[in-house]
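Single-structure report; data block below.
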Amino acid sequence: MSRLIVVSNRVSVPKARGAAGAQGGLAVALGSALKENRGIWFGWSGKEIDTFSGSLNMERVEGVTTATIDLEHQDVEEYYNGYANRTLWPLFHYRIDLAEYEREFGRGYERVNERFAESMRPLVEPDDLIWVHDYHLIPLGERLRAKGVQNRIGFFLHIPWPPTRLFVSLPYHERLVRTMLEYDVLGFQTTEWLESFLHYCDKELGAEVSSDGTVRFGGRETVARAYPIGLDYEEFTAAGDSGVARNAQQRILSSARRRKVMLGVDRLDYSKGLPERFDAISRFLDQYPESTRDTVFIQIAPPSREDVQSYRDIRDLLEAKTGKINGARSEVDVVPIRYVNKGYPRAELFGFYRAAKVGLVTPLRDGMNLVAKEYVAAQDPEDPGVLILSRFAGAALQLDGAVLVNPYSSEDVSEAIRQALDMPLEERKARWEKMHVSVKNEDVISWRKSFVDTLRG
Ligand code: GDG
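Residue numbers for the sequence shown follow our numbering, so the first one is 166 and each next one is one higher.
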């Protein structure tokens, strides 16, 4: 069987399964694929050095071989903090107002993709399958082809693909898409993002697009499909079946003192709709003042990308909102919002989800959103909580048992909270059961199997 080479910006082997970190499930799933296929995981080490050398740091961790390179400070500024997180991330999440188009960012992005290609080239053997992940590395396939790599190469985009009218605001948009058509397989989270991509190929590029997602352009053929990512269900529920998870659940329940817990868990990112969610909570408490005494909203939001100004801004904004909402409504023994600016181990998260009667997942735009699936996986089948889910998360296409909301409308979200808190047990069970089937069956293992099967050709 051919070997698999996985390439992503950062390499994260699940050394410490319990450790707080945003890659948990994915790292486990890719790790198991790599073990089965004697594979290699290649990417940036996370270290910064003065002068790029391209030397590979090889390690073997828990049966997976990792190969990493260090990057220069300027690379990290221009490629990672710059083009990836200040240009592509906002644009692909429809935040054209936050997207920055700096020439140096684009150059840094191309330079680092070239450095990735150059450094990993010696690792590639003729039969290897290569699977590239996410928006940091879109042109990598083309860079590898330029170095004579003729292997099957696939690319999976973890975030949305924007509509053509937004995407064309990116300078050199055509160049970026042309590089994508050097891949053999392109994967998107949902049919919505896939259709946007195919629309661009058809209308802007003039490529030949078939109804099965085959794109023919410049003598090459690329298959583009939707592969909705899932949880590592087994790993996550096993973590939940532990003393750590039960203690965490108990910790929340006893501190809530009979009040119903509503919970949000999100990386602190403007795409997650946190200020809008806090506004909706405020509106809900205005509309139903008695709820200040019988509910509590807990938001866990570990900081992320703190080198980028827009991320520091959102942190300030949320601190101000929390202070204002709590200031206006707190009593000596009642604080309506608990805003927690740190991460927790996965087993504890499981316990928190299970303690919550309402899970609030209201991103303004999200490729998939694994938190929504984790909330479902962690519920007690005999007394499940209610998931309130943004219709703009990729997960909304699969989780039809959720109460779907427009996250921009605090009225809509406030009414959904009322509906969730009042929902009878039978309805909660019926909605949860539907979602649970999809979360359990369409898991991360089936996701990566179907992608890798297509990649094998
Ligand atoms: C990108 C796309 C797509 C959060 N807080 C803690 C913690 N987390 C974990 C969650 C979840 C993960 O981080 C977040 O995943 P999401 O899918 O919700 O969002 P992104 O980080 O934006 O991920 C997204 C995903 O890629 C996969 O393709 O679904 O659309 O944006 O697993 O649990 N984990 C721990 N402690 C925390 O406090 N341990």
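Don't be surprised by glycine CBs; every beta carbon is placed ideally from N, CA and C.
Computed from a predicted model, the values in this text were never measured in an experiment.
In terms of Cα proximity to W326, the closest of E265, Q315, A311, I303 is I303.
For the 8 Å CB-CB criterion, R424 and V578 do not form a contact. At a Cβ-Cβ threshold of 8 Å, E237 and E269 do not count as neighbours. At a Cβ-Cβ threshold of 8 Å, N534 and G559 count as neighbours.
Under the three-state reduction of DSSP, N202 is assigned to coil, being neither helix nor strand. The shortest CA-to-CA distance from S197 to any of E265, V171, R175, L256 is the one to V171. Fewer than three pairs of CB atoms, one per stretch, sit closer than 8 Å, so the stretch 251-265 makes no contact with the stretch 227-236.
Pairing L433 with P468 gives a Cβ-Cβ distance under 8 Å.
Using a cutoff of 7 Å, the CB of P287 does not count as near ligand 1, since none of the ligand's heavy atoms is closer than that. DSSP, read as helix, strand or coil, puts M588 in coil. Residue pairing by DSSP places K425 opposite T460 in a beta bridge. Between the alpha carbons of F320 and A391 lies a distance of about 12 Å.
Around the beta-carbon of V536, 16 or more other beta-carbon atoms lie within 10 Å, marking it buried. At least one heavy atom of ligand 1 falls within 7 Å of the beta-carbon of H323. The DSSP assignment places complete beta strand (DSSP E) segments of no fewer than 3 residues inside the stretch 253-310 at 294-298, in order along the chain.
Taking S375 as reference, the option from E369, G383, V388, G384 with the minimal CA-CA separation is V388. At least one heavy atom of ligand 1 falls within 7 Å of the beta-carbon of R511. Taking 8 Å as the cut-off, the Cβ atoms of V500 and L586 do not count as close.
Sorting E539, I205, R260, L418 by C-alpha distance to the C-alpha of R330 places R260 at the top. Of all C-beta pairs linking the stretch 567-574 to the stretch 354-362, fewer than three are shorter than 8 Å, placing the two stretches out of contact. One alpha carbon belongs to R203, the other to A445, and they sit about 49 Å apart.
Around C366, the same chain offers A372, V374, V380 as residues with beta carbons nearer than 6 Å, after the five sequence neighbours per side are excluded. At least one heavy atom of ligand 1 sits closer than 7 Å to the Cβ of R432. Counting the other Cβ atoms within 10 Å of the Cβ of G488 gives fewer than 16, which makes it exposed. Set against 7 Å, the gap from the CB of I394 to the closest heavy atom of ligand 1 is smaller. The beta carbon of V277 is closer than 7 Å to those of L236, D240, Y244 in its chain, skipping five residues each way along the sequence.
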